[in-house]
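Below: the structure, in structure tokens.
Put into structure tokens, the structure is as follows:
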């Protein structure tokens with residue numbers, strides 16, 4: 011069957027065979043199918059989607075387009091975690107040491123960020139000396155020795171995704187649930203772990219703006235994982251306000267340390283507690299979520315999680331002293347408080363707006379080749395439902411440019427809506443999606 | 011607005027502005043917009059369509075991408091005609107001399123054929139010496155002198171359509187009503203006549219398979235014409251069986267001559283009569299279709315239409331003797347009768363199948379660079395509703411290759427369905443679509 015016929019079939023919503031899907035994925039990766047046919051195909055997928063079976067085959071073909079990582083030398087059930095991305099989403103950095111300290115091999119491969127702040131890899135590079143470009147051999151050795159590591163995702167995985175993603179970006183086919191699901195899952199599966207926990211963010215600061223889309227994405231990813239023999243569980247969590255208190259890079263490292271010390275944002279902790287318990291369950295350490303959550307709390311309380319973070323930093327060449335002296339992290343020249351302009355209750359926070367403000371200060375990049383300013387960012391200690399008094403400091407802006415600082419101060423208050431009558435916070439964890447089905451949690 | 015944003019807007023079914031449409035058409039023609047963005051845009055149009063206003067602007071932008079023809083030196087209201095293409099669709103060749111003989115400047119620019127048989131230009135090239143590559147200046151002079159000419163469409167018209175059509179062909183975006191309508195109408199309008207008569211074929215031998223699609227296409231084209239100040243009328247006519255009796259090139263010239271002599275297929279004549287009457291009405295020669303039809307019949311009866319064909323052949327350098335001695339046209343080596351295998355009534359004819367059989371014999375081309383065999387083809391004197399007797403000859407196959415002739419004889423009878431009980435022919439003319447609306451005619 012010719013490529014035009016495959017496009018035609020998808021355009022009319024007909025089921026594609028395994029051979030047809032492989033033809034299009036391998037043909038495109040090999041350069042036999044030109045961009046203009048692939049973009050027409052992707053637009054047809056945008057309109058007609060892919061069913062469960064097509065999507066599993068499509069994802070498998072993407073994985074098979076390149077190398078995969080063999081983690082079989084690591085003992086135990088290896089677990090990975092992925093977030094669909096949000097603002098003040100400081101989950102991974104404390105989560106990996108917590109889980110590792112409890113005996114689950116936490117094999118985390120992360121990316122750099124595009125957009126409002128850096129990715130986990132950028133944030134970790136705030137730690138002087140911390141190496142993220144580590145060979146798979148060394149990665150395996152570290153995880154076997156101390157149970158956890160966070161490294162930069164190999165560029166050799168899933169070349170099909172790289173090529174397809176670059177094309178989607180310029181043809182308005184990014185926002186397609188099957189294409190997002192296959193892009194994420196192909197990389198997670200190629201990375202070689204046995205189980206995967208997914209954190210699908212929903213709300214004004216997330217890619218998925220509504221619960222329905224988030225549920226569809228979570229379901230698609232869980233189905234792909236299960237079809238390709240990876241035990242996969244997804245949580246849909248709130249992103250209608252920043253999750254933690256810090257938005258930036260080094261200041262998110264500080265909040266990660268706070269969490270490991272039993273402090274930090276309560277909402278951020280609750281997401282870490284749930285995802286951590288799930289990773290412990292998938293890793294075979296506990297049977298129930300309740301046991302898992304109790305262990306997470308214990309690991310923080312007895313200091314073993316913080317100790318594990320120290321070990322990970324050391325194993326990856328970083329200066330572990332930052333844990334006890336955060337002034338060793340990159341520091342911004344200017345710090346200025348954000349002062350509440352009126353009294354009342356916070357009713358709405360424009361999370362994406364805050365993320366963009368952090369990017370404006372230099373904390374994020376628009377293009378891959380831009381350099382991030384690791385020291386700048388925003389910090390807020392108020393969330394939706396909180397009371398504020400006129401004149402009260404509700405946060406801090408960290409900047410290296412006085413003009414940008416002033417502009418940020420002018421823009422920031424428009425991103426908070428304060429009302430006179432008491433308000434309540436949005437739910438935090440909406441759904442758990444697993445092979446057993448969808449469980450409502452709010 | 012960036013091209014990605016324009017694709018996004020169309021993808022969500024939002025109305026594009028004039029500036030956005032011009033950006034995409036001119037940007038693509040100039041090479042500033044790459045194929046992969048245009049193909050994503052075209053696929054979004056396939057799904058979301060274009061409204062009347064967008065389509066008129068899109069067509070105008072396509073016209074403005076290249077040169078247009080100035081026919082102002084021709085006196086009178088100039089009328090053109092276009093058919094969406096079918097099998098045994100021998101309308102243009104007799105129609106132009108009929109209309110010209112009655113005083114309407116019939117300025118016909120035709121294309122070569124792709125598919126089952128040649129186009130009008132290929133068919134005319136069966137006439138020894140006939141020139142179709144004629145300059146606009148000479149074309150204007152001929153029409154001013156004898157009121158009619160049929161020339162090959164200039165390659166300089168509507169470069170945007172050439173580029174877009176080539177891309178549609180390889181990205182499964184050919185079968186989109188707004189894209190078909192704008193492709194046809196941009197060329198017709200750029201060709202410079204004042205009025206246009208469209209023949210939209212519907213049925214198993216046509217591009218449009220159902221009445222609903224044909225009506226949509228006709229309406230879209232009439233709306234474009236009216237929006238761009240061309241008086242446009244479309245007829246939807248039947249293509250559930252070959253229209254005329256001859257399928258090929260030189261044998262269609264013979265049927266054209268038959269029609270001008272008052273013979274030939276009755277159904278073919280009726281379509282010519284209707285389209286001719288409409289051209290006379292649009293050309294201001296008559297006020298009503300009835301008067302127009304009477305004049306068409308008169309022009310045939312008194313021989314003036316045949317005389318006009320002679321003049322046109324002579325003006326374009328052809329040998330007018332072919333009118334009286336058709337053996338001067340290319341002749342096939344083998345002729346063999348098709349014999350009815352059973353008695354009964356013809357219930358169904360696979361018109362597209364017959365077209366493909368003619369192509370198999372050499373009468374049509376698959377690729378632009380293939381050479382057509384002008385002498386071969388098929389001839390049938392039976393239509394749906396006709397009675398046939400077992401053993402009776404119902405047609406003839408003309409071939410230059412004995413093996414192909416035998417295979418064609420084997421395949422041909424499967425394309426006719428003969429039943430025992432009497433059948434009736436399908437309607438011939440379904441609708442007339444004009445600025446006044448849709449008129450049902452069956």
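Chains as they are written, first to last, in the numbering used here: chain A, 11 to 452; chain B, 11 to 452.
Positions of the beta carbon are idealized from the N, C-alpha and C atoms, including for glycine.
Would you give the residue range spanned by the beta strand (DSSP E) that residue 449 of chain B belongs to? Here residue 449 of chain B refers to the residue found at position 439 of the second chain. 447-450 is the span of the beta strand (DSSP E), which, as asked, contains residue 449 of chain B.
Any contact of the stretch 149-164 of chain B with the stretch 333-352 of chain B, i.e. 3+ C-beta pairs under 8 Å? no
What does the Cβ neighbour count give for residue 381 of chain A, buried or exposed, with the cut at 16 atoms within 10 Å? As a first step, residue 381 of chain A must be located in the first chain, where it is residue number 371. By the 10 Å Cβ count, residue 381 of chain A comes out exposed.
Taking 8 Å as the CB-CB cut-off, is residue 30 of chain A touching chain B? Mapped onto the first chain, residue 30 of chain A falls at position 20. False, the Cβ-Cβ gap to chain B never drops below 8 Å.
Would you identify the three-state DSSP class for residue 375 of chain A, choosing helix, strand or coil? For the purposes of this step, residue 375 of chain A is identified with residue 365 of the first chain, where counting begins at 1. Note: residue 375 of chain A maps to coil in three-state DSSP.
Taking C-beta pairs closer than 9 Å, name the residues in chain B that residue 57 of chain A reaches, listed in chain order. Position 47 of the first chain, counted from the first residue, corresponds to residue 57 of chain A. In chain order: 21, 53, 54, 56, 57, 58.
Quick one: list the residues of chain A neighbouring residue 17 of chain B, beta-carbon separation under 7 Å, in chain order. Here residue 17 of chain B refers to the residue found at position 7 of the second chain. Residues of chain A passing the Cβ test: 181, 182.
With distances taken between CB atoms, is the gap from residue 259 of chain B to residue 127 of chain B smaller than 8 Å? As a working note, residue 259 of chain B is residue 249 in the second chain. As a working note, residue 127 of chain B is residue 117 in the second chain. In this structure, residue 127 of chain B lies closer than 8 Å to residue 259 of chain B by Cβ.
Terminal residues of the continuous beta strand (DSSP E) containing residue 245 of chain A? The residue you call residue 245 of chain A lines up with position 235 of the first chain. Here the beta strand (DSSP E) through residue 245 of chain A covers 241-248.
Closer than 9 Å by beta-carbon distance: list the chain A residues that pair up with residue 453 of chain B, in chain order. A question about residue 453 of chain B goes unanswered here, because the residues of chain B that appear run from 11 up to 452.
Alpha helix (DSSP H) containing residue 209 of chain B: first to last residue? Within the second chain, the letter at position 199 stands for residue 209 of chain B. No alpha helix (DSSP H) contains residue 209 of chain B, which is instead part of the beta strand (DSSP E) from 205-212.
Along the chain, which unbroken stretches of the beta strand (DSSP E) at least 3 residues long are found entirely within the stretch 24-105 of chain A? 89-93
Name the two residues that bound the continuous alpha helix (DSSP H) containing residue 237 of chain B. Taking the first residue of the second chain as position 1, residue 237 of chain B is located at position 227. That run of the alpha helix (DSSP H) goes 221-237.
CB of residue 188 of chain A within 8 Å of CB of residue 76 of chain A, strictly: Mapped onto the first chain, residue 188 of chain A falls at position 178. Mapped onto the first chain, residue 76 of chain A falls at position 66. Contact flag unset, no.
Residue 286 of chain A - DSSP class collapsed to helix/strand/coil: Indexing the first chain from 1 puts residue 286 of chain A at position 276. Three-state DSSP puts residue 286 of chain A in a helix.
Under a Cβ-count criterion, where at least 16 other Cβ atoms within 10 Å of its own Cβ denotes burial, should residue 241 of chain A be classed as buried or exposed? The residue labelled residue 241 of chain A in the question sits at position 231 within the first chain. Residue 241 of chain A comes out buried.
Taking the straight line between their C-alpha atoms, what separation do you get for residue 429 of chain A and residue 423 of chain A? In the first chain, counting from the first residue as 1, residue 429 of chain A sits at position 419. In the first chain, counting from the first residue as 1, residue 423 of chain A sits at position 413. When rounded, the distance between both Cα atoms is 13 Å.
Quick check on the DSSP output: the alpha helix (DSSP H) that includes residue 130 of chain A runs from which residue to which? As a first step, residue 130 of chain A must be located in the first chain, where it is residue number 120. That run of the alpha helix (DSSP H) goes 130-134.
Could you please give the first and the last residue of the uninterrupted beta strand (DSSP E) stretch that includes residue 175 of chain A? Here residue 175 of chain A refers to the residue found at position 165 of the first chain. That residue, residue 175 of chain A, is in no beta strand (DSSP E); its alpha helix (DSSP H) goes 169-179.
For residue 107 of chain B, three-class secondary structure by DSSP: Mapped onto the second chain, residue 107 of chain B falls at position 97. Residue 107 of chain B falls in the helix class under three-state DSSP.
Using a 10 Å radius around the Cβ and a threshold of 16 neighbouring Cβ atoms, would you call residue 23 of chain A buried or exposed? Locating residue 23 of chain A in the first chain gives position 13, counting from the first residue. By the 10 Å Cβ count, residue 23 of chain A comes out exposed.
Judging by CA-CA distance, which residue of B:139, B:167, B:151 is the nearest neighbour of residue 121 of chain B? Your numbering for residue 121 of chain B matches position 111 in the second chain. Nearest of B:139, B:167, B:151 to residue 121 of chain B, Cα basis: B:167.
Buried or exposed, going by whether 16 or more other CB atoms sit within 10 Å of the CB of residue 49 of chain B? Translated into positions along the second chain, residue 49 of chain B becomes position 39. By the 10 Å Cβ count, residue 49 of chain B comes out buried.
In the structure shown, what three-state DSSP assignment does residue 423 of chain B receive? Taking the second chain and counting its residues from 1, the one referred to as residue 423 of chain B is at position 413. Here residue 423 of chain B sits in helix by DSSP.
Under three-state DSSP, which class holds residue 9 of chain A? What the structure shows of chain A is the stretch from 11 to 452, and residue 9 of chain A is not part of that stretch, so it cannot be assessed.
Chain A contact residues for residue 35 of chain B, given Cβ-Cβ distances below 7 Å: Here residue 35 of chain B refers to the residue found at position 25 when the second chain is read from its first residue. What residue 35 of chain B touches in chain A: nothing, since even the nearest Cβ is about 17 Å away.
Since residue 388 of chain A sits in a beta bridge, which residues does DSSP pair it with? Taking the first chain and counting its residues from 1, the one referred to as residue 388 of chain A is at position 378. BP columns for residue 388 of chain A point to A:257, A:407.
Counting Cβ pairs, one atom from each stretch, are 3 or more of them under 8 Å apart for the stretch 24-35 of chain B and the stretch 57-71 of chain B? yes
For a contact defined as C-beta to C-beta under 9 Å, what are the partners of residue 14 of chain B on chain A? Taking the second chain and counting its residues from 1, one reaches residue 14 of chain B at position 4. Those are 179, 180, 181, 182, listed as they occur along chain A.
Euclidean distance between Cα positions of residue 374 of chain B and residue 163 of chain A: Walking along the second chain from the start, residue 374 of chain B turns up at place 364. Walking along the first chain from the start, residue 163 of chain A turns up at place 153. One C-alpha to the other measures close to 56 Å.
Beta-carbon proximity check, residue 439 of chain B vs residue 452 of chain B, cutoff 8 Å: As a working mapping, residue 439 of chain B is identified with position 429 in the second chain. As a working mapping, residue 452 of chain B is identified with position 442 in the second chain. Their beta carbons are under 8 Å apart, which means residue 439 of chain B touches residue 452 of chain B by this criterion.
Is the beta carbon of residue 136 of chain A sitting closer than 8 Å to the one on residue 217 of chain A? Residue mapping note: residue 136 of chain A aligns to position 126 of the first chain, counting from 1. Residue mapping note: residue 217 of chain A aligns to position 207 of the first chain, counting from 1. The answer is no: Cβ separation not under 8 Å.
Does the CB of residue 49 of chain A have a neighbour CB from chain D at under 8 Å? Absent from the structure is chain D; the protein chains it does hold are A and B.
Please report how far the alpha carbon of residue 437 of chain A lies from the alpha carbon of residue 147 of chain A, in whole angstroms. Reading the first chain from its first residue, position 427 is the one you call residue 437 of chain A. Reading the first chain from its first residue, position 137 is the one you call residue 147 of chain A. Distance between the alpha carbons of residue 437 of chain A and residue 147 of chain A is about 42 Å.
In the structure shown, what three-state DSSP assignment does residue 307 of chain B receive? Counted from its first residue, the second chain places residue 307 of chain B at position 297. Reduced to three states, the DSSP call for residue 307 of chain B is helix.
Whose C-beta lies closer than 8 Å to the C-beta of residue 118 of chain A among residues of the same chain, with five residues either side of it excluded? Here residue 118 of chain A refers to the residue found at position 108 when the first chain is read from its first residue. Cβ within range, chain order: 90, 91, 102, 106, 130, 158, 159, 160, 161.
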